[in-house]
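Q:
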Amino acid sequence: MPTHLDARVENATGWTIDALWSTGLHAGSELAEVAAAHRALSDAERAVMFHRTLLHRISSGEFHVDQALFTRIHRTVVQLQDAAVHRDARAADLLRALQPIEERNHEQQVYPGVGLLRSDYTALVALAPGGAVLREHLLTHRMSITAPSGGRITWPTLQRLEAQGLVSRDATRSLQAGQPIALTDSGRACLTRRTTPAARSARTAAVGARTTRPHRR
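Printed below as a string of structure tokens:
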């Protein structure tokens with residue numbers, strides 16, 4: 016069951032939801048916690064959808080209006096409220112699990128001025144040899160990006176790179192057939208910047224430390 020935090024999870028972890036569910040539980044403790052929390056939220060979202068669908072059905076005119084129907088509607092509304100409260104609690108658990116990852120991602124920006132994360136930079140490297148293809152699954156409507164290099168690129172990552180003008184996509188083709196993705200001139204320029212601001216700062220600090228070190232007599 017999709018959740019309202021799917022894109023945020025993929026953005027923070029760099030994993031698609033399918034990959035997170037299949038392998039995330041066996042990864043490091045931090046990622047495993049996110050995978051477990053997302054599963055719990057998905058189950059809670061399914062419960063909300065079930066009671067919501069049931070309420071729609073029993074109030075659609077299919078059943079005779081009598082006291083028994085009122086009782087059933089009231090019971091279903093209460094169950095829906097409880098399911099929503101449980102869903103919100105599971106969402107809060109997931110956000111707590113994501114917080115350290117998101118904070119670390121923010122600290123690991125390669126180019127803070129343009130908001131390019133290290134995961135974005137890795138995606139650019141994966142796209143550099145021969146681009147990639149974006150496809151939408153016909154049934155689940157999930158987006159998948161496949162690159163010849165085998166690199167993993169998530170839909171939120173692609174959206175960020177597009178917004179920054181680092182990649183271009185041939186939107187004239189259908190998503191089911193596949194839309195080719197390629198680096199723009201700006202994207203290629205990012206790959207040629209071998210020294211990041213963080214690396215330069217660290218190098219400057221190291222040089223400063225060496226120059227201020229007292230000489231031995």
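Sequential numbering from 16 applies to the sequence shown in this note's numbering. The beta carbon of each residue, even a glycine, is placed where N, CA and C say it ideally should be.
Mapping DSSP to helix, strand and coil, what is residue 17?
A: Counted from its first residue, the sequence shown places residue 17 at position 2. Three-state DSSP puts residue 17 in coil, outside helix and strand.
Q: Which residues does DSSP pair with residue 117 in a beta bridge?
A: Counting from one through the sequence shown, the residue named residue 117 turns up at place 102. Residue 117 is not bridged to any residue.
Q: Tell me which residues share the same chain as residue 27 and place their Cβ nearer than 7 Å to its Cβ, disregarding the 5 neighbours each side in the sequence.
A: Numbered from its first residue, the sequence shown carries residue 27 at position 12. Answer for residue 27: 113, 116, 117 and 120, listed in chain order.
Q: Pull up the CB-CB distance for residue 94 and residue 71, whole angstroms please, since I reckon it's below 8 Å.
A: For the purposes of this step, residue 94 is taken as the residue at position 79 of the sequence shown. For the purposes of this step, residue 71 is taken as the residue at position 56 of the sequence shown. Not really, about 13 Å apart at Cβ, beyond 8 Å.
Q: Please tell me whether residue 56 and residue 105 are closer than 8 Å, where the distance is taken between their beta carbons.
A: The sequence position of residue 56 within the sequence shown is 41, counting from 1. The sequence position of residue 105 within the sequence shown is 90, counting from 1. It is a contact, given that the beta carbons lie within the stated cut-off.
Q: If you drop the 5 nearest sequence neighbours on each side, which residues of the same chain put their C-beta closer than 8 Å to that of residue 186?
A: Counting from 1 along the sequence shown, the entry for residue 186 is found at position 171. Excluding residues within five positions, the ones whose Cβ falls inside 8 Å are 194.
Q: Buried or exposed, going by whether 16 or more other CB atoms sit within 10 Å of the CB of residue 135?
A: If you number the sequence shown from 1, residue 135 lands on position 120. Buried: at least 16 other Cβ atoms inside 10 Å.
Q: Please report the distance separating the alpha-carbon of residue 31 from that of residue 89.
A: Residue mapping note: residue 31 aligns to position 16 of the sequence shown, counting from 1. Residue mapping note: residue 89 aligns to position 74 of the sequence shown, counting from 1. Taking the straight line joining both Cα atoms gives about 39 Å.
Q: Can you list, in chain order, the residues of its chain with a C-beta nearer than 8 Å to that of residue 73? Leave out the 5 residues immediately preceding and following it.
A: Counting from one through the sequence shown, the residue named residue 73 turns up at place 58. Contacts found: 84, 87, 88 and 91.
Q: Put residue 147 into one of helix, strand or coil per three-state DSSP.
A: Translated into positions along the sequence shown, residue 147 becomes position 132. Looking at residue 147 - three-state DSSP - the assignment turns out to be strand.
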